[in-house]
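S.K.: Just dropping this structure here.
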Amino acid sequence: MINRKTAFIKRFIQDFYLVLIVVFLYAPIATMTVLSFNNSKSRTQWGGFTTKWYTELFSSSTIMDALYTTLLIAFVSSLIAVIIGTAAAIAINSMKPFPRSLLMGITNIPMLNADIVTGISLMLAFIAFGISLGFKTILIAHITFNIPYVILSVMPKLKQTDKSTYEAAMDLGATSVSAFFKVVFPDILPGVLSGFLLAFTMSLDDFIITHFTKGAGINTLSTLIYSEVRRGIKPSMYALSTIIFLTVLVLLLITNFAPKRKK
Amino acid sequence: MNKKLLSGPYLMWMIGFILIPLALIVFYGLTDKSGAFTLSNVLSISTEEHAKALWLSLGLSLLSTVLCLLLAYPLAMILRTRGMGQGSFIVFIFILPMWMNFLLRTLAWQTLLEKNGVINGILSTLHLPNQGLINTPGAIILGMVYNFLPFMVLPIYNVLMKIDDNVVNAARDLGANSLQVLIRILLPLSIPGIVSGITMVFVPALTTFVISNILGGSKILLIGNVIEQEFTKGSNWNLGSGLSLVLMIFILISMALIAKYDKNGEGTVL
Numbered sequence: 002m003i004n005r006k007t008a009f010i011k012r013f014i015q016d017f018y019l020v021l022i023v024v025f026l027y028a029p030i031a032t033m034t035v036l037s038f039n040n041s042k043s044r045t046q047w048g049g050f051t052t053k054w055y056t057e058l059f060s061s062s063t064i065m066d067a068l069y070t071t072l073l074i075a076f077v078s079s080l081i082a083v084i085i086g087t088a089a090a091i092a093i094n095s096m097k098p099f100p101r102s103l104l105m106g107i108t109n110i111p112m113l114n115a116d117i118v119t120g121i122s123l124m125l126a127f128i129a130f131g132i133s134l135g136f137k138t139i140l141i142a143h144i145t146f147n148i149p150y151v152i153l154s155v156m157p158k159l160k161q162t163d164k165s166t167y168e169a170a171m172d173l174g175a176t177s178v179s180a181f182f183k184v185v186f187p188d189i190l191p192g193v194l195s196g197f198l199l200a201f202t203m204s205l206d207d208f209i210i211t212h213f214t215k216g217a218g219i220n221t222l223s224t225l226i227y228s229e230v231r232r233g234i235k236p237s238m239y240a241l242s243t244i245i246f247l248t249v250l251v252l253l254l255i256t257n258f259a260p261k262r263k264k
Numbered sequence: 117m118n119k120k121l122l123s124g125p126y127l128m129w130m131i132g133f134i135l136i137p138l139a140l141i142v143f144y145g146l147t148d149k150s151g152a153f154t155l156s157n158v159l160s161i162s163t164e165e166h167a168k169a170l171w172l173s174l175g176l177s178l179l180s181t182v183l184c185l186l187l188a189y190p191l192a193m194i195l196r197t198r199g200m201g202q203g204s205f206i207v208f209i210f211i212l213p214m215w216m217n218f219l220l221r222t223l224a225w226q227t228l229l230e231k232n233g234v235i236n237g238i239l240s241t242l243h244l245p246n247q248g249l250i251n252t253p254g255a256i257i258l259g260m261v262y263n264f265l266p267f268m269v270l271p272i273y274n275v276l277m278k279i280d281d282n283v284v285n286a287a288r289d290l291g292a293n294s295l296q297v298l299i300r301i302l303l304p305l306s307i308p309g310i311v312s313g314i315t316m317v318f319v320p321a322l323t324t325f326v327i328s329n330i331l332g333g334s335k336i337l338l339i340g341n342v343i344e345q346e347f348t349k350g351s352n353w354n355l356g357s358g359l360s361l362v363l364m365i366f367i368l369i370s371m372a373l374i375a376k377y378d379k380n381g382e383g384t385v386l
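Residue numbers (my numbering), protein chains in the order written: chain A, 2 to 264; chain F, 117 to 386.
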């Protein structure tokens, strides 16, 4: 009886703790969502339900331009990172231990380094190479920090693939390219896709590296939010936040809970 | 042989956009405006203004890291004892905010903490005095803990989930109580996750300029703010690079710790 009671109390404390952390994590996000529907500009008074901030958001050309730039950069940088990264993963996987760990070491640099250092270093390099800061430099910077995520997603899948199936395809007369696309690629496809989505999300989320490599006259959503925040927050930013949160939620639900192919 | 050629584009990319840029920081950091070698950029960390920013950054980021650890470890333990597996929705809930736009998460706290923000609004409806919450070191710590907590939870959780239940059961059969199981079994086995969590919180917290800018106002300068301003406003790139080199010492220490305690990458997020 006593044991059941203590077990009950223990469970209760645990549940309470979990709820407390969930509140801590989500209360700020929920507050912004509520404020995005608030008719009054005040943050403390409820002025009735409205969707006008969403209308304002979608009719603002600066925000829509920034959204377009953000999505374009996220998509193109992830795509290029997937191509370069997958090719690199295949190469690294077939290497001897020493060059392999050397390359993996370089791969880890942008992931472990502080974003501010990566951002500054890229900015210095672009200026040294004579590339003027703008869309192109943001794109290059995003590809650079996206490639490692692709490699780290594809590598585990490559290690699971059976070398002999590839060799069998070659023995049966397939060229190495068609053997790769017909035999190896379907096996590593889940890794490639999750690498793409991961890169896409990282690119959407990045602020610091973009801040240093963007130059004047171009904004992604992150850099736009930053400049807005310093001028005082407009409620349309809350609307934007709600939309971004829902988008991230859906993207992650798909990547985490999509039915997985069984071996 | 053929396969290795596939790494060509990658190698060129990494040399051009990772290694050369880092070399440039070292070059700028160790030269003056005319290109002559000097240590003055690096040594300027000891001037009063910069040293103060560095100590404040170290203090705030260490405190946030400790707070994250104290919050995250019990959380990860509960998730483990409840047997919530990698694919569980409950675990997903704790990881999700990590992917939410970083600026918007910080913006949320500004909304809550500001002078005429949500918390003060609630206080005044309760007829309680308003609090000066924003633009304090406390607000910055709150912002750091909030932003980086999932980065501590995830690696610790990953490592704890890998510990075999039989190991815990064996310790209990041999007479260990819950505290002894925690101290002698679970903690030592979860060190890779703890170390990787610590570096994943400490490095971004130490180098941030966004959180201090939005939640700390313009009066509280962290080392990240000093460096950012040298590049965007002051445009003394040599000084900014020199200070970045000092920061990189701390990043290298973190990397070395990871290499030492998390050899198999058990605590990594992916």
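Think of the CB as a built atom: it goes at the ideal place given N, C-alpha and C, for glycine as much as any other residue.
1. Flag Thr-7 of chain A as yes if its beta-carbon sits less than 9 angstroms from any beta-carbon of chain F, otherwise no.
2. Taking CB distances under 9 angstroms as the criterion, tell me whether Leu-386 of chain F reaches chain A.
3. What's the call for Met-398 of chain F, buried or exposed, on a 16-neighbour Cβ count within 10 Å?
4. Cα-Cα, which of A:Thr-224, A:Gly-174, A:Asn-94 and A:Gly-135 is closest to Pro-157 of chain A?
5. Which term fits Phe-208 of chain A, buried or exposed, when burial requires 16 or more other beta carbons within 10 angstroms of its beta carbon?
6. For Phe-25 of chain A versus Phe-208 of chain F, is the C-beta distance shorter than 9 angstroms?
7. Just to confirm before moving on: does the CB-CB distance between Leu-252 of chain A and Phe-201 of chain A stay below 9 angstroms?
8. Note down the Cα distance separating Leu-359 of chain F from Leu-138 of chain F, rounded to an integer number of angstroms.
9. Quick check on the DSSP output: what are the complete alpha helix (DSSP H) runs of length 4 or more inside the segment 179-248 of chain A, in order along the chain?
10. I'd like the span of the alpha helix (DSSP H) that includes Met-112 of chain A, first residue to last.
11. Just the chain F side, please: which residues come within less than 7 angstroms of Val-251 of chain A by C-beta, in chain order?
12. Report, in whole angstroms, the separation of the C-beta atoms of Ser-122 of chain A and Gly-216 of chain A, which I expect to be a contact under 8 angstroms.
13. Straight-line CA distance for Asn-157 of chain F to Asp-148 of chain F?
14. Taking a contact to mean a Cβ-Cβ separation below 9 angstroms, would you say Gln-15 of chain A touches Arg-198 of chain F in this structure?
15. Is Ala-8 of chain A buried or exposed, if buried means 16 or more other CB atoms sit within 10 Å of its CB?
16. Taking the alpha carbon of Ser-237 of chain A as the point to measure from, which residue in A:Pro-29, A:Asp-172 and A:Leu-36 has its own alpha carbon closest?
17. Does DSSP put Thr-52 of chain A in a helix, a strand or coil?
18. Is Thr-147 of chain F helix, strand or coil when you go by DSSP?
19. Expressed to the nearest angstrom, what Euclidean distance is found between the alpha-carbon atoms of Ile-60 of chain F and Ile-255 of chain A?
20. Could you spell out where the alpha helix (DSSP H) holding Asn-40 of chain A opens and where it closes?
21. Is the Cβ of Trp-353 of chain F closer than 9 angstroms to any Cβ of chain A?
22. With a threshold of 9 angstroms between beta-carbons, can Asn-232 of chain F be considered close to chain A, or not?
23. Straight-line CA distance for Leu-172 of chain F to Ser-351 of chain F?
24. Quick one: using the 10 Å Cβ neighbour count with 16 as the cut-off for buried, is Leu-173 of chain A buried or exposed?
25. At what residues does the alpha helix (DSSP H) containing Asp-172 of chain A begin and finish?
26. Go ahead and pull the three-state DSSP assignment for Phe-153 of chain F.
27. Does chain A have any CB closer than 9 angstroms to the CB of Lys-149 of chain F?
28. Would you say Thr-197 of chain F lies against chain A (beta-carbon separation less than 9 angstroms)?
29. For the candidate residues A:Leu-80, A:Tyr-167 and A:Asn-40, whose alpha-carbon lies nearest to that of Ile-152 of chain A?
30. Could you tell me the distance, in whole angstroms, from the CA atom of Ile-272 of chain F to the CA atom of Ile-211 of chain F?
31. Report yes or no: do the segment 251-260 of chain F and the segment 175-186 of chain F share at least 3 C-beta pairs separated by less than 8 angstroms?
32. Residues of chain A with a CB under 9 angstroms from the CB of Lys-168 of chain F: which are they?
33. Fully enclosed by the segment 263-325 of chain F, which alpha helix (DSSP H) runs are 4 residues long or longer?
34. Does any heavy atom of the ligand SAM sit closer than 8 angstroms to the C-beta of Trp-129 of chain F?
35. Taking a Cβ distance cut-off of 9 angstroms, strictly less, list which residues of the segment 117-139 of chain F are near chain A, in chain order.
36. Between Gln-15 of chain A and chain F, is any beta-carbon pair separated by less than 9 angstroms?
M.R.: A quick look at the data gives this:
1. no
2. Residue placement at Leu-386 of chain F is poorly supported in this model, since its pLDDT is 48, which falls under 50; the coordinates still yield a value, given next. So, interface residue.
3. Shown here, chain F extends from 117 to 386; a query on residue 398 of chain F therefore has no answer.
4. A:Asn-94
5. buried
6. no
7. yes
8. 14 angstroms
9. 186-206, 209-214 and 222-232
10. 98-113
11. Ordered by position in chain F, no residue passes the 7 angstroms Cβ test against Val-251 of chain A, which lies about 11 angstroms from the chain.
12. Going by Cβ atoms, the distance from Ser-122 of chain A to Gly-216 of chain A rounds to 16 angstroms, so no, they are not a contact pair.
13. 8 angstroms
14. yes
15. exposed
16. A:Leu-36
17. coil
18. strand
19. With chain F represented from 117 up to 386, any question about residue 60 of chain F goes unanswered, as that position is not in the structure.
20. Neither: Asn-40 of chain A is in no alpha helix (DSSP H) and is coded neither H nor E.
21. yes
22. yes
23. 23 angstroms
24. exposed
25. 164-172
26. strand
27. no
28. yes
29. A:Leu-80
30. 12 angstroms
31. yes
32. Those do not exist, as Lys-168 of chain F stays about 19 angstroms from chain A at its closest Cβ, beyond 9 angstroms.
33. 281-289 and 307-323
34. The ligand SAM is not part of the structure shown, which contains no ligands of any sort.
35. Asn-118, Lys-119, Lys-120, Leu-121, Leu-122, Ser-123, Gly-124, Pro-125, Tyr-126, Leu-127, Trp-129, Met-130, Ile-131, Gly-132, Phe-133, Ile-134, Leu-135, Ile-136, Pro-137, Leu-138 and Ala-139
36. yes
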